[in-house]
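Read top to bottom, the protein sequences are chains A, B, C and D.
Using our numbering, the first residue of the first sequence is number 23, and each one after it goes up by one.
Using our numbering, the first residue of the second sequence is number 2, and each one after it goes up by one.
Using our numbering, the first residue of the third sequence is number -5, and each one after it goes up by one.
Using our numbering, the first residue of the fourth sequence is number 2, and each one after it goes up by one.
See structure below.
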Amino acid sequence: MSEIREVIIKTDKLATDKYQVNMGPQHPSTHGVLRLLVTLEGEKVLNVQPHSGYIHSGIEKMCEAISYPQIIHLTDRMDYLSAHMNNEAVALCVENALQVEVPDRVKYIRTIMDELARLASHQLWWCVFGMDLGALTTFFYGLRDREHILDIFEETCGARMTVSYSTPGGLMFDIHPNFQKRVKDFIKYFRTKLPEYDKLLSGNVILRERTEGIGHLSYKDAIDFGVTGPSGRASGFSCDVRKHNPYSAYPFVKFNEILDHRCDTLARYEVRILEMYESLNIIEQLIDNIPEGDYAVKMKGVLKLPEGEFYQRVETARGEFGVFIVSDGKKNPYRVKFRSPGFSNLFALNNMTKGHKIADLVAIMSTLDLIIPDIDR
Amino acid sequence: MTKEELISYLTGNFPEAEVKSGAQYAEMTVKASDLHETAVQLKDTAELSFDYVFCLTGVDYAENMGIIYHIESVEHRHTIVLKVRTADRLNPVIDTVSDVWITAKYHEREAYDLLGIHFNNHTDLRRLFLEDGWGFPLRKDYVDEIRIVER
Amino acid sequence: MKSFIEYIVSIFKGVWTLLVGMKVTAKYFFTPWNNVTQQYPENRDTLVMFDRFRGEVIMPHTENNEHLCTGCGICELNCPNGSIEIISKSIITPEGKKKRIIDQHIYHLGMCTLCNLCVKACPTGAIVMGQKFEHAVWDRALLTKVLNQPGSKIAEGVKE
Amino acid sequence: MDIYNFTTLTHNIHTGLAQSFAPWLATTIEWVIVGVAYLLFVALFGLFLVYAERKVCAAFQQRLGPMRVGKWGLLQTIADFIKLLMKELIMPRKADWFLYNLAPFIVIIASFLAIAALPFAPGLQSMDFDIGVFYLTAVSSVGVIGILLAGWSSNNKYSLIGAMRSGAQILSYELSVSLSLLTMVVFAGTMQFSAIVEGQRDAWFIFSGHIPAIIAFVVFLIAGTAETNRGPFDLAEAESELVAGFHTEYSGIKFAMFFLAEYINLFIISAVAATVFLGGWMPLHFGNLESFNHVMDFIPPVIWFFGKVLFVIFVIMWFKWTFPRLRVDQILTLEWKYLLPINLVNILLMALVVLTKFHF
Chain A
23 MSEIREVIIK
33 TDKLATDKYQ
43 VNMGPQHPST
53 HGVLRLLVTL
63 EGEKVLNVQP
73 HSGYIHSGIE
83 KMCEAISYPQ
93 IIHLTDRMDY
103 LSAHMNNEAV
113 ALCVENALQV
123 EVPDRVKYIR
133 TIMDELARLA
143 SHQLWWCVFG
153 MDLGALTTFF
163 YGLRDREHIL
173 DIFEETCGAR
183 MTVSYSTPGG
193 LMFDIHPNFQ
203 KRVKDFIKYF
213 RTKLPEYDKL
223 LSGNVILRER
233 TEGIGHLSYK
243 DAIDFGVTGP
253 SGRASGFSCD
263 VRKHNPYSAY
273 PFVKFNEILD
283 HRCDTLARYE
293 VRILEMYESL
303 NIIEQLIDNI
313 PEGDYAVKMK
323 GVLKLPEGEF
333 YQRVETARGE
343 FGVFIVSDGK
353 KNPYRVKFRS
363 PGFSNLFALN
373 NMTKGHKIAD
383 LVAIMSTLDL
393 IIPDIDR
Chain B
2 MTKEELISYL
12 TGNFPEAEVK
22 SGAQYAEMTV
32 KASDLHETAV
42 QLKDTAELSF
52 DYVFCLTGVD
62 YAENMGIIYH
72 IESVEHRHTI
82 VLKVRTADRL
92 NPVIDTVSDV
102 WITAKYHERE
112 AYDLLGIHFN
122 NHTDLRRLFL
132 EDGWGFPLRK
142 DYVDEIRIVE
152 R
Chain C
-5 MKSFIEYIVS
5 IFKGVWTLLV
15 GMKVTAKYFF
25 TPWNNVTQQY
35 PENRDTLVMF
45 DRFRGEVIMP
55 HTENNEHLCT
65 GCGICELNCP
75 NGSIEIISKS
85 IITPEGKKKR
95 IIDQHIYHLG
105 MCTLCNLCVK
115 ACPTGAIVMG
125 QKFEHAVWDR
135 ALLTKVLNQP
145 GSKIAEGVKE
Chain D
2 MDIYNFTTLT
12 HNIHTGLAQS
22 FAPWLATTIE
32 WVIVGVAYLL
42 FVALFGLFLV
52 YAERKVCAAF
62 QQRLGPMRVG
72 KWGLLQTIAD
82 FIKLLMKELI
92 MPRKADWFLY
102 NLAPFIVIIA
112 SFLAIAALPF
122 APGLQSMDFD
132 IGVFYLTAVS
142 SVGVIGILLA
152 GWSSNNKYSL
162 IGAMRSGAQI
172 LSYELSVSLS
182 LLTMVVFAGT
192 MQFSAIVEGQ
202 RDAWFIFSGH
212 IPAIIAFVVF
222 LIAGTAETNR
232 GPFDLAEAES
242 ELVAGFHTEY
252 SGIKFAMFFL
262 AEYINLFIIS
272 AVAATVFLGG
282 WMPLHFGNLE
292 SFNHVMDFIP
302 PVIWFFGKVL
312 FVIFVIMWFK
322 WTFPRLRVDQ
332 ILTLEWKYLL
342 PINLVNILLM
352 ALVVLTKFHF
């Protein structure tokens, strides 16, 4: 206190200073237990240092002790909003390593599930984005629509979020007899609700003012930081694994990779909204054409991968997800590495928020769509 | 470039490195001392322009530590797996590539945190997830009698 | 002058977007019969879970108190978390042969992640997923369950 | 009409007291009665508003809102209030003890001061100043001192940021509130609330003052919402940014005071809007429709007043639950670049309307 007084006496001016605020681990806008050490000057953000690890659960270490089919249920719990994509990544990786070709039916169902999970994730993101900006009503509208998808999941997979549906060699169950009807009903329903999202939030002048030109992440930075998914695509970084390294039924469908070159928060927002439309298109192309066949290939009781290294990339709702398995020929992997999209996205935050206000920091963090277990693993 | 073209190009231009065709991607193993130079070349050569590191994995091999970089070129859409081994297992040291690819900075921090691999010239080498003095859980000889239950 | 007109237009455009948003919320305000909330404990009687819903692992018994579990232990092997423990015992069958049968099928619900691997692996279909989801208890010990009922025996004709 | 007039009732109470007690004692007793009445009213109406807000926002969000305590959750807020009363009062160790404890009282006292000048019905008004509008704008901004103190003394950076935001915001929006009220004062020709209401006997100001009055009404609603720190201007407590802003560190009854004050302020802003623009307790009258006007007269003024207040409150809640929050620089931009110029032009317009007698 006395130091400040001295400064005031000396300079005849009001002394101002930088200060640091801990945002998190318990903070409403970090959506989990992430700690951001924010250096502020008044309202202006000077530096953001993410500190993660609060829910580091050592999944990679746990994977080394269990067999390949057992890894599936752990991947559910990393990025719980794209649980099915994570399952699929492991399943595809193991299938590739064993050189098993799954039936087309499996591929179709997996892709439909992927897109449903992506929709559910983007819906939740939309809810939370609205809430972070202070529009609390969006939260309930988004959850209301997400409930329909979760019901589809629950009926077919038996769980709402941690689905554990893709297994090495196929699927856990065949689809439920109601599945196709339910999905079609949902698409019909959601096509009426999605324009409402635009009316309520996207067009809103307050949202536009708050997002336009905020949180600039240039094309070069997006690649340098490895920011993938909708966040990367909003910077013009064409990083859609579905397009560049197609897997499952993605080679069979026509869809656009949503790219935006405005690089700001609004671009990231709109890319996600457009991706929801695109996901609906993909599901519509597939849902009526699910081929007949088995829902799984008969696999051995104990899966042993040949010695070697296997990598599989998939596109989750947050970006590129990778599974890297180092196998020494035993029934459990020697080393498993999950390349999670949130991890890379998080560290671009500092670059994007410099010079903006606290409120912008919240908005930018929200458009990166961070899931903390995905970062910490 | 296709995988085969890439392999032949790499064999021609990196005589020191050992290039082979992996199951999915072209694989290149370099000596630890050449790592940084190779990284710069991989990124700056116009025909290669590997600019997007999408995965960086540290692996504890029994005799030494391995670091595996999965790198893609956004422009040419070809992918390479760059592998390097440290000399020592207990005190593994390797040059950082975080000045070449920014994202490697955080992946290297993770590798340091979980495997204890020390990266030379890294500007911010701190633990990422765990507390200081925790140990390196992804090493094969890591024991934690309280939290790990052997079955 | 042009910028002045733009200023005025921007005001009206902004207000218009706000009114569009207010129309959406008003629509839901005045149609309360579309509410989506469920009154959960009250609707317990009518609440039906989906038949595949994974609530817990159960072992169905017939009315003769018979189950299908041979005690082979495959579920125990397949469980990633160690939430299943099989305790078997040796008996002597009426024919005078020695035979191992299930004594206790212990299931730790507290450790279970409901991944369905045990059910999928079970060769006789002895365990299935139950739909009960209200698992809250006052004592953690209550989450450890014995799935085979006391005095139950294996049904006739189940292949070993 | 006269049966609804409270003047006789209050007058009778006064004369009765004056006859039985010494003058000073009579006055004291009157003070106590008025004080208790206001306290009761504020507490009950505050609780009702909290309940209403929860139900209204639930309806906007396709939910049911509180349903457990009492029929349709009617007793929910009372239960909440009892819970808050019983909660432990926690204070940060390095907080400034005196200011920390003083702040909630300043906030709530400011609200009480403002509520005193409002006419609820003919004769049902404790202080009928001839500068009522001026008094109200003056005391309603005292609350910001409490908010600033709360933020400053809590020894929490979030609180401090919230308090500073609130200071900047309320100081700015005070201008718009006053100027939009001033527009109506120009129109009414008086600052006395009872006279303003009386002036709307034939037509409410929002109808008779047409365009400038409607503009002033909209500006007043926006600025008034900002004055009460409600969404979309709830920067001071912005929960996604500042946890809870200036009252992060308050618990129990002290938190309840901030909470209650927020809802009283909501009531005050709505009541002022209702009084100045929507005719206060005056029934709805249309020029020559004698029979219609007569039917409207049968509805008691108190009901008219509260009906209008609740309508304005509903509108304010409506946009709170629809819009995202503004950023701190935008909130100032909105005031200084949009509302203030509009307001100044609007006053000119109103002056012209009054001079040319181009009104109804």
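Idealized CB from N, CA, C, for every residue including glycine.
- Please check the pair ILE174/A and PHE208/A, which I expect to be a contact at CB under 8 Å, by giving their CB distance rounded to whole angstroms. Taking the first residue of the first sequence as position 1, residue 174/A is located at position 152. Taking the first residue of the first sequence as position 1, residue 208/A is located at position 186. That pair is a contact at about 7 Å.
- Query: Interface residues of chain D around GLU231/A at Cβ under 7 Å?
  - Reply: In the first sequence, residue 231/A corresponds to position 209, counting from 1. Residues of chain D passing the Cβ test: GLN331.
- Query: Taking Cβ positions only, does GLU242/D come closer than 9 Å to chain A?
  - Reply: Locating residue 242/D in the fourth sequence gives position 241, where the first residue counts as 1. Yes, because at least one Cβ of chain A sits closer than 9 Å to the Cβ of GLU242/D.
- Can you tell me the Cα-Cα spacing of VAL345/A and VAL116/A, whole angstroms? Along the first sequence, read from residue 1 onward, the residue named residue 345/A stands at position 323. Along the first sequence, read from residue 1 onward, the residue named residue 116/A stands at position 94. Their backbone Cα atoms lie some 10 Å apart in a straight line.
- Going along chain C, which residues have a C-beta under 7 Å from ALA181/A? Within the first sequence, numbered from 1, the residue matching residue 181/A stands at position 159. Ordered by position in chain C, the residues that pass the 7 Å Cβ test against ALA181/A are ARG48 and LEU108.
- Message: Alpha carbons only, please: which of SER181/D, GLY133/D and PHE135/D is nearest the one belonging to ALA217/D?
- Response: Numbered from its first residue, the fourth sequence carries residue 217/D at position 216. Of the listed residues, the one whose Cα sits closest to ALA217/D is SER181/D.
- Task: Please confirm if GLU65/A has its CB atom under 9 Å from at least one CB of chain D.
- Result: Within the first sequence, residue 65/A is the residue found at index 43, counting from 1. Yes, its Cβ sits closer than 9 Å to a Cβ of chain D.
- Identify whether MET23/A lies in helix, strand or coil by the three-state DSSP scheme. Numbered from its first residue, the first sequence carries residue 23/A at position 1. Residue confidence for MET23/A is low, a pLDDT of 49 falling below 50, so the modelled location carries little weight; the figure read from the coordinates is stated next. The answer is coil: DSSP assigns MET23/A none of H, G, I, E or B.
- Does any CB atom of chain A fall closer than 9 Å to the CB of ILE162/D? The residue you call residue 162/D lines up with position 161 of the fourth sequence. ILE162/D counts as touching chain A.
- Which residues, in chain order, does the region 312 to 340 of chain D contribute to contact with chain A at a C-beta distance below 9 Å? With the criterion set as a beta carbon lying under 9 Å from some beta carbon of chain A, the members of the region 312 to 340 of chain D are LYS321, TRP322, THR323, PHE324, PRO325, ARG326, LEU327, ARG328, VAL329, ASP330, GLN331 and THR334, in sequence order.
- Message: Threshold first: 3 residues or longer. Then list the beta strand (DSSP E) segments lying entirely within the region 298 to 363 of chain A, N to C.
- Response: Annotation: the region 298 to 363 of chain A contains the following complete segments of the beta strand (DSSP E) (minimum length 3 residues), in chain order: 330 to 338, 341 to 349 and 357 to 361.
- Any idea if THR249/D is buried or exposed, counting beta-carbon neighbours within 10 angstroms, 16 or more meaning buried? For the purposes of this step, residue 249/D is identified with residue 248 of the fourth sequence, where counting begins at 1. Buried, since its Cβ has 16 or more Cβ neighbours within 10 Å.
- Message: Could you tell me the alpha carbon to alpha carbon distance between GLY13/B and TYR143/B, rounded to whole angstroms?
- Response: Sequence index remark: in the second sequence, residue 13/B carries index 12 (1-based). Sequence index remark: in the second sequence, residue 143/B carries index 142 (1-based). Approximately 41 Å between the Cα atoms of the pair.
- Could you give the uninterrupted runs of the alpha helix (DSSP H) lying entirely in the region 239 to 275 of chain A, keeping only those of 4 residues or more? Runs of the alpha helix (DSSP H) inside the region 239 to 275 of chain A: 241 to 247, 251 to 255 and 263 to 266.
- Message: Using only the alpha-carbon positions, how far apart do MET185/D and PHE287/D sit?
- Response: Working through the fourth sequence from its first residue, we reach residue 185/D at position 184. Working through the fourth sequence from its first residue, we reach residue 287/D at position 286. Each residue's Cα considered, the two are about 20 Å apart.
- Message: Taking the alpha carbon of ALA96/D as the reference point, which residue from ASP131/D, GLY47/D and GLY152/D has its own alpha carbon closest?
- Response: Residue numbering aside, residue 96/D sits at position 95 when the fourth sequence is read from its first letter. When the alpha-carbon of ALA96/D is set against those of ASP131/D, GLY47/D and GLY152/D, the nearest one is in GLY152/D.
- Message: Any C-beta of chain D within less than 8 Å: which residues of the region -2 to 26 of chain C qualify?
- Response: Under the 8 Å Cβ criterion, the region -2 to 26 of chain C contributes ILE5, LEU12, GLY15, MET16, VAL18, THR19, ALA20, TYR22, PHE23 and PRO26.
- Is SER142/D helix, strand or coil by DSSP? Mapped onto the fourth sequence, residue 142/D falls at position 141. Correct three-state label for SER142/D: coil.
- Indicate whether VAL128/A and LEU193/A have their beta-carbon atoms separated by less than 9 Å. Along the first sequence, one-based indexing puts residue 128/A at 106. Along the first sequence, one-based indexing puts residue 193/A at 171. At a Cβ-Cβ threshold of 9 Å, VAL128/A and LEU193/A count as neighbours.
- Query: So what does TYR159/D bridge to, in DSSP terms?
  - Reply: Here the question's residue 159/D lines up with position 158 in the fourth sequence. Paired residue(s): none; TYR159/D is not in a bridge.
- Taking Cβ-Cβ distances shorter than 8 Å, what residues in chain D pair up with VAL384/A? Residue 384/A sits at position 362 when you count from the first residue of the first sequence. Within chain D, SER241 and GLU242 have C-beta atoms less than 8 Å from the C-beta of VAL384/A, given in sequence order.
- Query: What is the DSSP secondary structure of THR30/B, counted as helix, strand or coil?
  - Reply: Residue numbering aside, residue 30/B sits at position 29 when the second sequence is read from its first letter. Looking at THR30/B - three-state DSSP - the assignment turns out to be strand.
- Query: Is the CB-CB distance between ALA118/D and SER127/D below 9 Å?
  - Reply: By 1-based counting over the fourth sequence, the position of residue 118/D is 117. By 1-based counting over the fourth sequence, the position of residue 127/D is 126. The Cβ atoms of ALA118/D and SER127/D lie closer than 9 Å to each other.
- Query: Sorted by chain position, which residues of the same chain lie with C-beta nearer than 6 Å to LEU141/C's C-beta, five sequence neighbours on each side aside?
  - Reply: As a first step, residue 141/C is located in the third sequence; it is residue number 147 there, counting from the start. In the same chain as LEU141/C, and ignoring 5 residues on each side of it, the C-beta atoms closer than 6 Å to its own belong to MET53, HIS99 and TYR101, in chain order.
- Beta-ladder partner(s) of PRO72/A, from DSSP: Looking up residue 72/A in the first sequence gives position 50. By DSSP's assignment, PRO72/A forms a beta bridge with LEU58/A.
- Residue span of the beta strand (DSSP E) that contains LYS126/C, given as start and end: As a first step, residue 126/C is located in the third sequence; it is residue number 132 there, counting from the start. No beta strand (DSSP E) contains LYS126/C, which DSSP labels as neither H nor E.
- Message: Considering only DSSP beta bridges, list what PHE120/B is partnered with.
- Response: The count along the second sequence starts at 1 and reaches residue 120/B at position 119. Checking the DSSP bridge columns, you'll see PHE120/B partnered with ILE95/B.
- Message: Any beta carbon of chain A sitting closer than 9 Å to that of VAL51/C?
- Response: Working through the third sequence from its first residue, we reach residue 51/C at position 57. At a cut-off of 9 Å, the C-beta of VAL51/C has no neighbouring C-beta in chain A.
- Taking contact to mean at least 3 C-beta pairs separated by less than 8 Å, is the region 354 to 374 of chain A in contact with the region 244 to 259 of chain A? Yes: at least three Cβ pairs fall under 8 Å.
- Whether ALA105/A touches ILE347/A by CB criterion (9 Å): For this step, residue 105/A is matched to residue 83 along the first sequence. For this step, residue 347/A is matched to residue 325 along the first sequence. Contact flag unset, no.
- Item | Any chain B beta carbon closer than 9 Å to TYR333/A | Residue numbering aside, residue 333/A sits at position 311 when the first sequence is read from its first letter. For TYR333/A, the answer is yes, since a Cβ of chain B falls inside 9 Å of its Cβ.
- Message: So that I know if they touch, is there some Cβ in chain C lying closer than 9 Å to that of ARG64/D?
- Response: Residue mapping note: residue 64/D aligns to position 63 of the fourth sequence, counting from 1. Cβ-Cβ to chain C under 9 Å: yes for ARG64/D.
- Message: Rounded to whole angstroms, what is the Cα-Cα separation between LEU222/D and SER142/D?
- Response: Working through the fourth sequence from its first residue, we reach residue 222/D at position 221. Working through the fourth sequence from its first residue, we reach residue 142/D at position 141. Computed Cα separation, rounded: 16 Å.
- Task: Note down, in chain order, every chain C residue with its Cβ under 7 Å from the Cβ of PHE61/D.
- Result: Stepping through the fourth sequence from its first residue, residue 61/D is reached at position 60. Chain C residues near PHE61/D: THR19, TYR22 and PHE23.
- For the alpha helix (DSSP H) containing SER115/A, list its first residue and its last residue. Position 93 of the first sequence holds residue 115/A. In the sequence on display, residue 115/A carries Cys and not Ser. CYS115/A -> alpha helix (DSSP H) spans 105 to 120.
- Message: Measuring only the C-alpha atoms, how far is GLY76/C from GLY65/C?
- Response: In the third sequence, counting from the first residue as 1, residue 76/C sits at position 82. In the third sequence, counting from the first residue as 1, residue 65/C sits at position 71. Spanning the two alpha carbons is a distance of roughly 16 Å.
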